[in-house]
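**Q** Before I ask anything, here is the structure I am working with.
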Amino acid sequence: MTGTSVRRFVVGLATTAIVLSACSSSTPSSAPASQAAPASQAPVASVPASVPPSAPASQAASASAPASQAASGGVTAVVIPKQINNPYFDVAFKGAQKAAADLGGTVTQVGPSAADATQQVPFIQTATTQGVGAIIISADDATAVAPALKAAMQAGIKVVGYDSSPAVGAYNVFVNQADTAGIGKGLADMACDLAPSCTGEIAVLSAAQSATNQNAWIAAMQTTMKDAKYSKLVWDGVVYGNDDPQVSTQQAQALLQAHPNLKVIVAPTTVGIVAAAQVVRAAKKTGSVFVTGLGTPKGMVDYVKGGESPEFALWNVTDLGYLAYAVAAQLAAGTIKGTEGETFTVPSLNNGQPYTIGKDSVVVLGPPFVFNKDNIDQYVASFGF
Ligand code: RAM
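According to this note's numbering, the residues represented by the sequence shown are 1 to 385, in order.
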């Protein structure tokens, strides 16, 4: 089953590469030692979420980055994740820090403690006032953050979206972790794999209702499921756990209660997938309700081995943060403008091969990885998250 689903996921991504060895500098066989650090050692946000907008979001920020800094390849950047307190974003930040160290720049992470776009805005405004070189942001809501990001761009700051896109026009480049349609197809295929004979009720446990990335993946999943192959899967709908462990747990419990014949919970969020697997185990539904979606190897290894989640997927989150910073640095240095068709290289990623900026100024990191009992230990060791 798992080998088949890996191939299907790759087909969905419209690539002939073998996903488990493609495109990343950090496959199990080649992962640098620095990526083996456990997620718990990942740097925490340097400024707590409660810091008011007027507080220094980045001690490293300066009013204007000297030209020599841009020439050397680095930039003074602020990373604003959907929320701090989500290990996923600490892993991405770790990648950004590595890139800043490699390129000779600086990076700081600030953001709200809940996945709430209105709470992201003051952090954007503070970074703008401080005149940082670049803002790197995962948007909780594409449009809510757009005016503040546009103001930052007008002030000469480079804006890079990563993970969850701001509205088009409110960033210079969006670094997408993987092809959106491919992720949607992969989610549909994993649900199909896990539902007996690809038949029965499935439900989605998402993150925030406004999250650009989850909404795009769910839409792509539904598009895929129009194919006759998925016609026996019954869509029970989407619930939202807000990337909050407690809310996600409550929503997963409610799904089990509302749908006694539920076969699969698809959680395209690293927080939701763990909560759903825990709930299935606690409810003693292991083997009758399966959980899949997007999760970290470390967070899910116990549930892969326990049978609650035989397969799920994710990309290399460290590489995502690294690429986002590298793109910000190249924008600041003027070596790219964010225009469709431009190419650039990041020596430690994509086997040194060029990335191409696509439509809507989107750059794709590469195909995601599918994890199962045969490979999960390798990924826990090599990814370190
Ligand atoms: C959560 C966040 C993030 C998403 C991952 C898969 O950590 O919602 O945006 O990319 O899950």
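A virtual CB, placed ideally from N, CA and C, is assigned to each residue, including glycine.
Taking DSSP as the reference, what is the three-state secondary structure of residue 74?
**A** Working through the sequence shown from its first residue, we reach residue 74 at position 74. Coil at residue 74, not helix or strand.
**Q** Indicate the three-state DSSP secondary structure (helix, strand or coil) for residue 176 in the structure shown.
**A** Within the sequence shown, numbered from 1, the residue matching residue 176 stands at position 176. Note: residue 176 maps to strand in three-state DSSP.
**Q** Using 7 Å as the threshold, is the C-beta distance between residue 121 and residue 148 below it?
**A** Position 121 of the sequence shown holds residue 121. Position 148 of the sequence shown holds residue 148. Contact: yes.
**Q** Would you report the Cα separation of residue 254 and residue 366, rounded to the nearest angstrom?
**A** Locating residue 254 in the sequence shown gives position 254, where the first residue counts as 1. Locating residue 366 in the sequence shown gives position 366, where the first residue counts as 1. Whole-angstrom Cα-Cα distance: 35 Å.
**Q** Between residue 214 and the rest of its own chain, which residues show a CB-CB distance below 7 Å, the 5 nearest in sequence each way excluded?
**A** For the purposes of this step, residue 214 is identified with residue 214 of the sequence shown, where counting begins at 1. Taken in chain order, the residues that qualify are 206, 207, 268, 269.
**Q** Can you give me the start and stop residues for the beta strand (DSSP E) that residue 240 sits inside?
**A** Translated into positions along the sequence shown, residue 240 becomes position 240. Per DSSP, residue 240 belongs to the beta strand (DSSP E) from 233-240.
**Q** Could you pull out every unbroken beta strand (DSSP E) segment of at least 3 residues lying fully inside the region 276-303, listed in chain order?
**A** Whole beta strand (DSSP E) segments, 3+ residues: 290-293.
**Q** Identify the residues that DSSP records as bridge partners of residue 205: which are they?
**A** Indexing the sequence shown from 1 puts residue 205 at position 205. DSSP, once it has assigned bridges, lists 239 as partnering residue 205.
**Q** Would the beta-carbon of residue 201 fall within 7 Å of that of residue 236?
**A** For this step, residue 201 is matched to residue 201 along the sequence shown. For this step, residue 236 is matched to residue 236 along the sequence shown. Yes. Within cutoff.
**Q** Let's test the definition: count the other Cβ atoms within 10 Å of the Cβ of residue 340 and tell me whether it reaches 16, buried, or not, exposed.
**A** Along the sequence shown, one-based indexing puts residue 340 at 340. Exposed, by the Cβ-count rule.
**Q** Would the region 168-186 count as touching the region 343-354 if we require 3 or more Cβ pairs under 8 Å?
**A** No, the region 168-186 is not in contact with the region 343-354.
**Q** Please give me, in chain order, every unbroken run of the beta strand (DSSP E) with length at least 3 that falls completely inside the region 66-146.
**A** Listed in chain order, the complete beta strand (DSSP E) runs (minimum 3 residues) inside the region 66-146 are 76-80, 106-109, 134-137.
**Q** Please tell me whether residue 198 has its Cβ less than 7 Å away from any Cβ of chain D.
**A** Absent here is chain D; the protein component of the structure consists of one chain.
**Q** Once DSSP output is grouped into helix, strand and coil, what is the label at residue 171?
**A** Locating residue 171 in the sequence shown gives position 171, where the first residue counts as 1. The answer is coil: DSSP assigns residue 171 none of H, G, I, E or B.
**Q** For residue 118, I'd like the list of residues in its chain whose CB is within less than 7 Å of its CB, leaving aside the five on either flank, ordered along the chain.
**A** Position 118 of the sequence shown, counting from 1, holds the residue named residue 118. Only 144 meet the Cβ criterion.
**Q** Assign residue 158 to one of three DSSP states: helix, strand, or coil.
**A** If you number the sequence shown from 1, residue 158 lands on position 158. Three-state DSSP puts residue 158 in a strand.
**Q** Determine the burial state of residue 318: buried for a count of at least 16 other Cβ atoms within 10 Å of its Cβ, exposed for fewer.
**A** As a first step, residue 318 is located in the sequence shown; it is residue number 318 there, counting from the start. So residue 318 counts as buried.
**Q** If you pair each beta-carbon of the region 211-228 with each one of the region 248-262, do three or more pairs fall below 8 Å?
**A** Verdict: no, contact absent.
**Q** For my contact list, residue 304 and residue 363 are in at a C-beta cut-off of 8 Å; report their separation, rounded to the angstrom.
**A** Residue numbering aside, residue 304 sits at position 304 when the sequence shown is read from its first letter. Residue numbering aside, residue 363 sits at position 363 when the sequence shown is read from its first letter. Their Cβ separation, rounded to whole angstroms, is 30 Å, which puts residue 304 and residue 363 out of contact at 8 Å.
**Q** Could you pull the start and end residues of the beta strand (DSSP E) that residue 265 belongs to?
**A** Along the sequence shown, read from residue 1 onward, the residue named residue 265 stands at position 265. 262-267 is the span of the beta strand (DSSP E), which, as asked, contains residue 265.
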